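Here the sequence shown is numbered in our numbering, starting from 382 and rising by one per residue.
Note sheet for the following structure.
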Amino acid sequence: MSTSLYPLASLAQIEKTPSREDGIPDELEQDLRAYGCKMIHEAGILLKQKQVAVATAQILFQRFWFVTSMKQFGIGDIGMGALYLASKLEECPVRMRDLINVYDLLLQRAAHNRASALSYASSFTSYPRPEFKYTPMSYFGNTFYDLKEALVVAEMQILKRLGFNVNVVLPYGTLVNYLRVLGLTSREDVCTRAWGYLNDALQTPVYTLYAVPTIVSAAILLSTRHLGISLPSSSSNRWWELFDAEWEDVWSVCGYVMRLYRERSAEDQTRVMGMVSKKGVRQWLDENRVP
């Protein structure tokens, strides 16, 4: 990671992540990263956690996979550890038991959805899929203690492998300042859409690849393009240069964000849900090993 106000991945880390070295294709790794971040987001909603903690957790989660392979740790465990750690960093801690209960629900739901999808795909008849019903774990059962141990290990490994460099700069204040400079604060549709793009971008690695001004500029670009708003872009008056952003980098961030909205096949979604744990990842690698 580079030494700056907040760490960014090096070129070597970007070109070949530990997961890719272990045989996980880039597209699948990106899908697993996104799914792990969605779980963090859903857990944050269920816990009524502040957005700053949820966003910090997603960025720490993304950083982790530039130094560690998904073959070694499950995205579910690391997501849980990242949210627990981020809640402390942002001074809005959550009870360990509450977090474990929420993740148990999310993991059970993922397993249910995967099993339902596989059963539906193998059936020749059309029938309604069974509704998910959560079964709470025993207060003193093995499941709780297994998840508790996984949470403690995940938090420790995040700190260790990131070298205790957990500084995160969130983009929301920067967005407000940039919109004010561009005279767009009166456009609620622009503000809302740009804010949404910044939140969606948390499911991608862009916060570990690019500086905040570049990411915010990309959110503004996407918003104004979709709403048909023109901004100065002549050779002598380019709006993104006000914010020290490079056009190629801004466009690259836009590509990462737009990739999230592409339609995925049911097979792809089912595969990702089956790889939430390191056991699922290792099983997939064994089944798809290149001779």
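Think of the CB as a built atom: it goes at the ideal place given N, C-alpha and C, for glycine as much as any other residue.
Predicted, not measured: the structure shown is a model, and the values here were computed from it.
Quick one: what's got a C-beta closer than 8 angstroms to residue i's C-beta in the same chain, skipping five residues either side?
i, result
"R401", "D407, E410"
"D581", "V638, L641"
"R645", "D412"
"L540", "L466, V547"
With a cut-off of 8 angstroms on the beta carbons, I'd call residue i and residue j a contact; round off their distance for me.
i, j, result
"T589", "F447", "6 angstroms"
"F454", "A575", "Not quite, the Cβ-Cβ distance comes to about 33 angstroms (not below 8 angstroms), so this is no contact."
"T555", "V593", "5 angstroms"
"L603", "C572", "13 angstroms between Cβ atoms; not a contact."
"L532", "M461", "5 angstroms"
"Q538", "V475", "About 19 angstroms; that fails the 8 angstroms criterion."
"F624", "Y578", "Going by Cβ atoms, the distance from F624 to Y578 rounds to 15 angstroms, so no, they are not a contact pair."
"L470", "V547", "6 angstroms"
Please report the straight-line C-alpha distance between residue i and residue j, rounded to a whole angstrom.
i, j, result
"S383", "A415", "With a pLDDT of 41 at S383, under the threshold of 50, the predicted position of this residue should be treated as unreliable, and no value is reported."
"A463", "Y553", "20 angstroms"
"L495", "L488", "Note that residue 495 is Arg in the sequence shown, not Leu. So the alpha carbons of these two residues sit roughly 11 angstroms apart."
"L543", "N618", "40 angstroms"
"T605", "V549", "27 angstroms"
"I426", "Q432", "9 angstroms"
"D458", "L528", "8 angstroms"
"A393", "A491", "33 angstroms"
"L480", "A424", "8 angstroms"
"E648", "S497", "12 angstroms"
"F513", "E472", "34 angstroms"
"Y515", "G522", "16 angstroms"
"W620", "L551", "21 angstroms"
"I395", "E569", "36 angstroms"
"K659", "Y387", "28 angstroms"
"Y591", "Y520", "43 angstroms"
"E530", "M477", "11 angstroms"
"I601", "A626", "12 angstroms"
"W628", "I610", "18 angstroms"
"H499", "R643", "Note that residue 499 is Leu in the sequence shown, not His. Rounded to the nearest angstrom, the two C-alpha atoms are 22 angstroms apart."
"Y465", "E622", "38 angstroms"
"F545", "L428", "26 angstroms"
Beta-carbon within less than 6 angstroms of residue i's beta-carbon, same chain only, minus the 5 sequence neighbours each way: which residues are those?
i, result
"Q439", "C418, I421, L583"
"S615", "none"
"V662", "M451, K452, M656"
"F525", "M518"
"G404", "L666"
"A599", "V631, V634, C635"
"V597", "P552, T555, L556, Y559"
"I449", "Per the sequence presented here, residue 449 reads as Thr, with Ile not at that position. Only P399, R542 meet the Cβ criterion."
"H493", "F513"
Beta-carbon within less than 7 angstroms of residue i's beta-carbon, same chain only, minus the 5 sequence neighbours each way: which residues are those?
i, result
"L413", "M451, I456, V653, M656"
"A334", "The structure shown does not extend to residue 334, since the chain is modelled only from 382 to 672, so the question has no answer here."
"T398", "E410, W446, F447"
"Q443", "R414, P586, Y588, T589"
"N669", "none"
"L375", "Since the first residue of the chain shown is 382 and the last is 672, residue 375 is not available in this structure."
"Q664", "none"
"S567", "none"
Could you check if residue i belongs to the surroundings of the ligand PLP, using beta carbon to heavy atom distance under 7 angstroms?
i, result
"E396", "For the ligand PLP, the structure offers nothing, since it holds no ligand at all."
Contact criterion: CB-CB distance below 8 angstroms. Does residue i meet it with respect to chain C?
i, result
"D625", "This model lacks chain C altogether, as it is built from one protein chain only."
Those runs of the alpha helix (DSSP H) which lie wholly inside the stretch 467-537 and span at least 4 residues: Scanning the stretch 467-537 for uninterrupted alpha helix (DSSP H) segments of 4 residues or longer gives 477-503, listed from N- to C-terminal end.
Any 3 or more C-beta pairs closer than 8 angstroms across the stretch 476-485 and the stretch 556-566: They do not touch, by the three-pair rule.
Alpha helix (DSSP H) runs contained entirely in the stretch 576-652, provided each spans 4 or more residues: The stretch 576-652 contains these whole alpha helix (DSSP H) runs: 593-608, 628-640.
Whole alpha helix (DSSP H) elements within the stretch 415-459, 4-residue minimum: Counting only runs of 4 or more residues that sit fully inside the stretch 415-459, the alpha helix (DSSP H) segments are 432-445, in chain order.
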